[in-house]
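Note sheet for the following structure.
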Amino acid sequence: MKKLTLLITLLAVSIMAASPLTVEAAGQKAKSEVVMKIGSKVHLFHSSKVEVQKEIAIGDVLTVYRQLGGKTPQPKEVGEVKVLSFVGPHYFEAEITKGTIKVGDIAKKDQTSLLVQPSR
Numbered sequence: 014m015k016k017l018t019l020l021i022t023l024l025a026v027s028i029m030a031a032s033p034l035t036v037e038a039a040g041q042k043a044k045s046e047v048v049m050k051i052g053s054k055v056h057l058f059h060s061s062k063v064e065v066q067k068e069i070a071i072g073d074v075l076t077v078y079r080q081l082g083g084k085t086p087q088p089k090e091v092g093e094v095k096v097l098s099f100v101g102p103h104y105f106e107a108e109i110t111k112g113t114i115k116v117g118d119i120a121k122k123d124q125t126s127l128l129v130q131p132s133r
């Protein structure tokens, strides 16, 4: 009986010790990262406020930034996009004119920020 209790205890301890390792390994799966290059079309998401639609005009060139860093992320300029058209109430269509841009980067003009999404 003592051997069975010891075996069950050791089994429980080993399961508890190994479970965080498997959870961490699952969280580190390779993420599919979409990288868009010059000439690619993207959608710029906005809040549909009237001010945004008035501030951003077709033909405007917006600077694109990426947040880099750990605890204190800093914006880094990674490219530019040119606004081509309106696509519905929440999106602008744009073309990458400079740099390489990833999904989730931020296009800015003055106080307006737009989230970069892949074109569908």
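Numbering follows the numbering used here, with no gaps: position 90 of the sequence shown is 103. Positions of the beta carbon are idealized from the N, C-alpha and C atoms, including for glycine. Small disclaimer: the values here were computed from a predicted structure and weren't measured.
| Check | Outcome |
| --- | --- |
| What are the start and end residues of the alpha helix (DSSP H) that includes K95? | K95 -> not in any alpha helix (DSSP H); beta strand (DSSP E) instead, spanning Q87 to V100. |
| If the criterion is Cβ atoms closer than 8 Å, does the pair I119 and Y78 meet it? | yes |
| Using the rule of at least 16 other Cβ atoms within 10 Å of the residue's Cβ for burial, across every protein chain shown, is A30 buried or exposed? | exposed |
| Taking all protein chains shown into account, do 16 or more other C-beta atoms lie within 10 angstroms of the C-beta of L23, making it buried, or fewer, making it exposed? | exposed |
| Rounding to the nearest angstrom, what Cα-Cα distance links Q66 and F58 in this structure? | 11 Å |
| My understanding is that G92 touches I109, with C-beta atoms under 8 Å, so please give their C-beta distance in whole angstroms. | 6 Å |
| Distance, Cα to Cα, K62 vs S27? | 55 Å |
| Would P102 and V55 qualify as a contact pair, given that the criterion is a beta-carbon distance under 8 Å? | no |
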